[in-house]
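Down below is the structure, laid out as structure tokens.
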Amino acid sequence: MQDIIKKIIEIDKTAQKMTNDALALKEQIKSSIEQDKKDLRDKYIQRARRRIEVTAQTEEKFLQEALDEIKARYDGISTKLKEQYELNHERWAEEIYKRVIGG
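In this text, residue positions in the sequence shown follow our numbering: the first is 28, and each later residue adds one.
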């Protein structure tokens, strides 16, 4: 009978140790999952920031190209206007003078 009680106590201690080990393992796994979740979240945030940065740089490049194109177009128009002025400003001034004076 004494041996049976000792065996039951021994089985109970073994069961308690197994339960404690299982609980400790559960906490380790839970902690590991939380860390993995945090790492994954940080990774996706970092990837999103890189995408935003690349997109911003691309958009800035397109904007600069568009501005350069507009500037080139207006510089061309300005040059043509200056050429027209140089060719015609005396005639225009004379014509304005005649129209104002009535001649």
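Idealized CB from N, CA, C, for every residue including glycine.
If you drop the 5 nearest sequence neighbours on each side, which residues of the same chain put their C-beta closer than 8 Å to that of residue i?
i: residue 39; result: none
i: residue 109; result: none
So for residue i, helix, strand or coil by DSSP?
i: residue 28; result: coil
i: residue 103; result: helix
Can you find the residues in the same chain that come closer than 6 Å, C-beta to C-beta, to residue i, ignoring five residues on each side of it along the sequence?
i: residue 127; result: none
Below 7 Å, is the gap between the Cβ of residue i and the nearest heavy atom of the ligand SAM?
i: residue 128; result: The ligand SAM is not part of this structure, which contains no ligands at all.
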